[in-house]
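A short worksheet on the structure shown next.
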Amino acid sequence: MSTESESSPDRPLDPAATLDLIAQSQRRARAGTEPDGRLLCLVWGVAWLVGYTALWWSARALGGAPDALAFALFGALLGTAVVITIVHALRRTAGTRGPERRAGARWGTAWPMAFLVFPVVMAGLGRADASGEVVGLVSNALACVIIGVMYLTGGALFDDTGLYVLGVWILLTGGAATLAGMPATYLVMATVGGGGFLAITLVWHVLLVRRRREGGVPS
Amino acid sequence: MTELDTVIHAPARLRVVSTLAALSAGEEITFAKLQKLLDMTAGNLSTHLRKLEDAGYVRQTKEFAGRRPVTYLALTSDGRRAFEDYTTTLQDLLRGAGS
Chain A
0 MSTESESSPD
10 RPLDPAATLD
20 LIAQSQRRAR
30 AGTEPDGRLL
40 CLVWGVAWLV
50 GYTALWWSAR
60 ALGGAPDALA
70 FALFGALLGT
80 AVVITIVHAL
90 RRTAGTRGPE
100 RRAGARWGTA
110 WPMAFLVFPV
120 VMAGLGRADA
130 SGEVVGLVSN
140 ALACVIIGVM
150 YLTGGALFDD
160 TGLYVLGVWI
170 LLTGGAATLA
180 GMPATYLVMA
190 TVGGGGFLAI
200 TLVWHVLLVR
210 RRREGGVPS
Chain B
0 MTELDTVIHA
10 PARLRVVSTL
20 AALSAGEEIT
30 FAKLQKLLDM
40 TAGNLSTHLR
50 KLEDAGYVRQ
60 TKEFAGRRPV
70 TYLALTSDGR
80 RAFEDYTTTL
90 QDLLRGAGS
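Chain order of the listed sequences is A and B.
Just so you know, we're using numbering that gives the first Met the number 0 here: the first sequence kicks off at 0 and counts up by one.
Just so you know, we're using numbering that gives the first Met the number 0 here: the second sequence kicks off at 0 and counts up by one.
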């Protein structure tokens with residue numbers, strides 16, 4: 000807790016300690032006002048890894064489409080990840096306003112808009128007599144294209160390299176998963192997609208810790 | 000010794016200014032959120048904010064969210080420049096001490 004007594008301007012000057020105080024304050028400020036990409040990446044990595052593995056396991060065992068239980072688990076995991084993402088982002092950004100927050104809010108609302116169209120496209124494919132295999136492959140591919148492009152725009156909007164790299168990775172995952180065919184597509188989504196999220200979380204975390212050890216440059 | 004801005008140099012005000020400078024230009028933060036980030040009492044924070052406002056470094060905007068008063072805070076362009084000058088001076092001093 001800060002007090003008036005520590006505010007004397009006559010304190011002895013220690014440039015290194017003062018720069019450290021500035022870096023600490025700014026880290027705390029960013030941690031309190033910006034969503035933590037590592038946490039969100041971790042949550043989505045676990046959801047994809049476990050959810051798509053369940054779909055692959057079920058599809059392989061049944062020799063066709065995954066069963067309802069696997070889809071229920073997959074849906075519950077994605078739903079949990081969505082709730083955690085929204086709650087975390089809202090809590091972190093609460094109490095701030097300005098052009099960057101407005102841009103972030105618009106970017107945030109672009110997600111449900113894109114995924115609102117998603118089931119309509121799938122229904123259209125079904126009405127056009129697309130097979131279950133085609134619908135399954137396209138649903139994974141379309142999800143990857145939406146998520147990948149959203150991450151690319153997020154990376155550009157917030158000048159966030161980690162988010163941009165993630166976008167490229169998810170787009171590549173979508174391509175690979177479609178080429179893999181059924182049921183291997185689910186395994187690609189689990190390992191390359193979910194595993195990719197987790198690998199990027201780890202790299203992101205290591206880079207951040209290393210940058211902190213080297214001393215953050217105040218901005 | 001190189002002159003340092005005494006308004007910013009006091010540790011409590013340095014933490015306030017550093018925190019506000021971490022927000023992008025044009026962004027504002029509520030008094031309550033800033034108080035939470037800095038872990039200061041409301042009275043202590045108000046005192047330091049008044050000194051920073053008197054120096055022209057901080058801008059306060061008072062509004063109502065429904066019936067609840069909300070104070071938004073941001074660094075002014077003078078405040079952001081003063082903070083940048085302050086950190087540059089510190090880095091110069093550190094480089095001078097190391098050479």
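Ideal Cβ positions, reconstructed from N, Cα and C, are used throughout, including at glycine.
For residue i, count neighbouring Cβ atoms within 10 angstroms of its own Cβ and tell me buried if that reaches 16, exposed if not.
i, result
"Met112(A)", "exposed"
"Phe63(B)", "exposed"
"Leu61(A)", "exposed"
"Lys32(B)", "buried"
"Val57(B)", "buried"
"Ala46(A)", "buried"
"Phe117(A)", "exposed"
"Ser130(A)", "exposed"
"Gly50(A)", "buried"
"Gly147(A)", "buried"
"Ser99(B)", "Here chain B has residues from 0 to 98 only, and residue 99(B) is not among them."
"Val42(A)", "buried"
"Ala176(A)", "buried"
CB residue i to CB residue j, shorter than 8 Å?
i, j, result
"Leu48(A)", "Phe73(A)", "no"
"Leu141(A)", "Thr84(A)", "no"
"Trp249(A)", "Thr152(A)", "This structure does not reach residue 249(A), given that chain A is present from 0 up to 218, and the question cannot be answered."
"Val144(A)", "Leu165(A)", "no"
"Ala81(B)", "Ile7(B)", "yes"
"Ala21(B)", "Ala69(A)", "no"
"Met181(A)", "Ala58(A)", "yes"
"Gly31(A)", "Leu44(B)", "no"
"Arg12(B)", "Lys50(B)", "yes"
"Gly78(B)", "Val16(B)", "yes"
"Gly161(A)", "Gly36(A)", "yes"
Using the DSSP secondary-structure output, state which residues sit across from residue i in a beta bridge.
i, result
"Val133(A)", "None; Val133(A) has no bridge partner."
"Thr95(A)", "Ile28(B)"
"Gln59(B)", "Leu72(B)"
"Ala64(B)", "Arg67(B)"
At least one CB of chain A closer than 8 Å to the CB of residue i: is that the case?
i, result
"Pro68(B)", "no"
"Arg80(B)", "no"
"Ser23(B)", "yes"
"Lys61(B)", "no"
"Arg14(B)", "yes"
"Tyr56(B)", "no"
"Leu72(B)", "no"
"Thr75(B)", "no"
"Ser45(B)", "no"
"Leu93(B)", "yes"
"Ala31(B)", "yes"
"Leu36(B)", "yes"
For residue i, would you say it is in contact with chain B, using Cβ-to-Cβ distances shorter than 8 Å as the test?
i, result
"Ala155(A)", "no"
"Ala142(A)", "no"
"Thr17(A)", "yes"
"Ala198(A)", "no"
"Glu213(A)", "no"
"Thr95(A)", "yes"
"Thr184(A)", "no"
"Leu20(A)", "yes"
"Arg59(A)", "no"
"Ser1(A)", "Only weak support exists for where Ser1(A) lies, its pLDDT of 42 falling under 50; the value from the coordinates is given anyway. Yes, Ser1(A) lies at the interface with chain B (some Cβ there is under 8 Å from its Cβ)."
"Pro65(A)", "no"
"Pro34(A)", "no"
"Ala28(A)", "yes"
"Gly31(A)", "yes"
Taking 7 Å as the cut-off, does the CB of residue i come closer than this to any heavy atom belonging to the ligand SAM?
i, result
"Ala155(A)", "The ligand SAM is not among the ligands present in this structure, which contains no ligands whatsoever."
With a cut-off of 8 Å on the beta carbons, I'd call residue i and residue j a contact; round off their distance for me.
i, j, result
"Gln59(B)", "Leu72(B)", "6 Å"
"Ala64(A)", "Gly135(A)", "7 Å"
"Leu3(B)", "Thr88(B)", "6 Å"
"Glu52(B)", "Thr95(A)", "About 19 Å; that fails the 8 Å criterion."
"Gly194(A)", "Asn139(A)", "No, Gly194(A) and Asn139(A) are not in contact; Cβ-Cβ is about 15 Å, not under 8 Å."
"Ala15(A)", "Leu93(B)", "6 Å"
"Arg100(A)", "Thr108(A)", "Between Thr108(A) and Arg100(A) the Cβ distance is about 13 Å, and since that is not below 8 Å, they are no contact."
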